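Working notes for the structure below.
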Amino acid sequence: MKNTMIFFLVFGLIKLSQAQTNTFPTSGEVGIGTLSPAYKLHINSSNYNDIFSLQRSNGSQGNLFDFRITSNPYGSGGLLNNRSLSLVANENAGDIAFFSDPENTASNLVLKSSGKVGIGNTSPEYMLDVNGLGYFRSALYAEHQNNQLRIVDSDDDLVWSLNANLGNFNIRSLTESKIYMHFDGNLSYEPFRATSSGVSIGYSTFIDGDIESKKVKVTATPGSVPDYVFAKDYRLMSLNEVEEFIKANSHLPNIPNAREIESHGQDVGSLQLKLLEKIEELTLYMIDLKKENTELLKRIESIEKKQ
915 MKNTMIFFLV FGLIKLSQAQ TNTFPTSGEV GIGTLSPAYK LHINSSNYND IFSLQRSNGS
975 QGNLFDFRIT SNPYGSGGLL NNRSLSLVAN ENAGDIAFFS DPENTASNLV LKSSGKVGIG
1035 NTSPEYMLDV NGLGYFRSAL YAEHQNNQLR IVDSDDDLVW SLNANLGNFN IRSLTESKIY
1095 MHFDGNLSYE PFRATSSGVS IGYSTFIDGD IESKKVKVTA TPGSVPDYVF AKDYRLMSLN
1155 EVEEFIKANS HLPNIPNARE IESHGQDVGS LQLKLLEKIE ELTLYMIDLK KENTELLKRI
1215 ESIEKKQ
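The letter at position 46 of the sequence shown is residue 960 when you use the working numbering, and the numbering goes up by one with no holes.
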């Protein structure tokens, strides 16, 4: 009987020592699930479904935070599908959200159970939905030929999109194409505008090469079109005056010389109007010559009749 009691006592102590798997020393490492902790806090569990859980006092509210390794825990890296850390929300409809202010009910970053990520947006509609300014210090890539970079307004309506489809570079808006360019924040000065009706450039453009066009329209300032040549008070230089001017300057009056055009170029519209002025002046000279010729012919005919 005495030997039997000693056996059960020793057996119970062995079981008690085997069941005791936690150690909480006054100093040093703390072990949960291990009597030989290797870290300041060492948690060891053969059940990977629930390693760490933080709950409310009312268990019916669900866990506030779970750290667990779910199915297929062992990959070549040793943890969940080769991941070094996995943070898992409730399997049914849980999201993972990050807050910077405990009194702010809107999260700064949310990872939806659908895989969508919202930054500054608690209800992301896209895989990455950012509400606010963004800055990319490196490149932004879209690997599919139909991918687009879109900018929308406050109603989520498309303002314009940018896409490269099969080598074509396209910029378009939802309805009428409108592209404006402003510099230095000056909205009153618009050097470039492209709409469905055409392209307007209000800034100096330099092209070192040829320009091919079927039609070029140059507008004129009111009063600059040389119909004034035919006005009664217009002073038309005599041909003798024109001859003297050409001898002295080697170019026509009111026409820039070669050196000026070669050095500074020439306004096409202005030059066309000046050439038109010369054509109209030549027309007046021809009319006067016609009158003189007619008068001379009459005199010749009169002399011939007298002979």
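C-beta atoms are modelled at their ideal positions from N, C-alpha and C, and glycine is treated no differently. As the structure is a prediction and not an experimental result, all values here were calculated from the model.
If you run the structure through DSSP and keep just helix, strand and coil, what is residue i?
i, result
"Ile957", "strand"
"Gly1183", "helix"
"Arg1064", "strand"
"Leu1196", "helix"
"Ile1217", "helix"
"Val1024", "strand"
"Ile946", "strand"
"Thr935", "coil"
"Asp1069", "coil"
"Leu1042", "strand"
"Ile1175", "helix"
"Ile1169", "coil"
"Gly992", "Caution applies to Gly992, whose pLDDT of 41 falls short of 50 and renders its modelled position unreliable; the value that the coordinates give is listed next. Gly992: coil per DSSP, three-state reduction."
Quick one: what's got a C-beta closer than 6 Å to residue i's C-beta in the same chain, skipping five residues either side?
i, result
"Leu1198", "Leu1150"
"Ala1011", "Ser1021, Val1024"
"Gly1034", "Asn1045, Gly1046"
"Phe1013", "Ser1021"
"Arg1173", "none"
Could you spell out the range, first to last residue, of the beta strand (DSSP E) harbouring residue i?
i, result
"Ile1010", "1010-1012"
"Ile1125", "Per DSSP, Ile1125 belongs to no beta strand (DSSP E) and is neither H nor E."
"Val1132", "Per DSSP, Val1132 belongs to no beta strand (DSSP E) and is neither H nor E."
"Val1031", "1031-1033"
Among residues of its own chain, excluding the 5 on either side of residue i, which ones have a beta-carbon nearer than 8 Å to its beta-carbon?
i, result
"Tyr1132", "Note that residue 1132 is Val in the sequence shown here, rather than Tyr. Only Val1182, Gly1183, Gln1186 meet the Cβ criterion."
"Leu1153", "Tyr1199"
"Val1031", "Leu1023, Val1024, Leu1025, Pro1038, Met1041, Leu1042, Asp1043"
"Ala1134", "Gly1183, Leu1187"
"Asp1015", "none"
"Tyr988", "With a pLDDT of only 45 at Tyr988, under 50, the local geometry of the prediction cannot be trusted, and no value is derived from it."
Tell me which same chain residues have a C-beta within less than 7 Å of the C-beta of residue i, skipping the five on either side of it?
i, result
"Gly1008", "Ser1027"
"Tyr953", "Glu943"
"Phe938", "Val944"
"Gln1221", "none"
"Asn1168", "Lys1188, Glu1191"
"Asp1069", "none"
Pick out whichever of the options has its Cα sitting closest to the Cα of residue i.
i, options, result
"Ser1146", "Glu1195, Leu1063, Gln1180", "Here the sequence assigns Lys to residue 1146, which means Ser is not the residue at that position. When each option's Cα is compared against that of Lys1146, the closest is Glu1195."
"Leu1063", "Asp1069, Arg1051, Asp1043", "Asp1043"
"Tyr1148", "Ile957, Glu1191, Asn936, Leu1203", "Glu1191"
"Thr948", "Asn958, Ala1053, Thr940", "Asn958"
"Leu1166", "Leu1189, Gly1179, Arg1051, Ala1053", "Leu1189"
"Ser960", "Thr940, Arg1051, Thr935", "Thr935"
"Thr1036", "Arg1051, Thr1019, Tyr1049, Gly1048", "Thr1019"
Less than 9 Å between CB atoms is the rule here; does residue i satisfy it with respect to chain D?
i, result
"Arg1173", "Checking the listed chains, one finds no chain D in this structure; it contains a single protein chain."
Counting along the chain, where does the alpha helix (DSSP H) carrying residue i start and finish?
i, result
"Val1156", "1153-1163"
Under 8 Å: does the beta carbon of residue i sit that close to some heavy atom of the ligand MN?
i, result
"Ile946", "No copy of the ligand MN occurs in the structure displayed, which carries no ligand at all."
Item checked: the region 1118-1132 contacting the region 1140-1148, beta-carbon criterion three pairs below 8 Å -> Cβ pair count under 8 Å is below three, so no.
Checklist line | the region 1205-1217 touching the region 1160-1170, judged by at least three CB pairs closer than 8 Å | finding: Flag = no, the region 1205-1217 and the region 1160-1170 do not touch.
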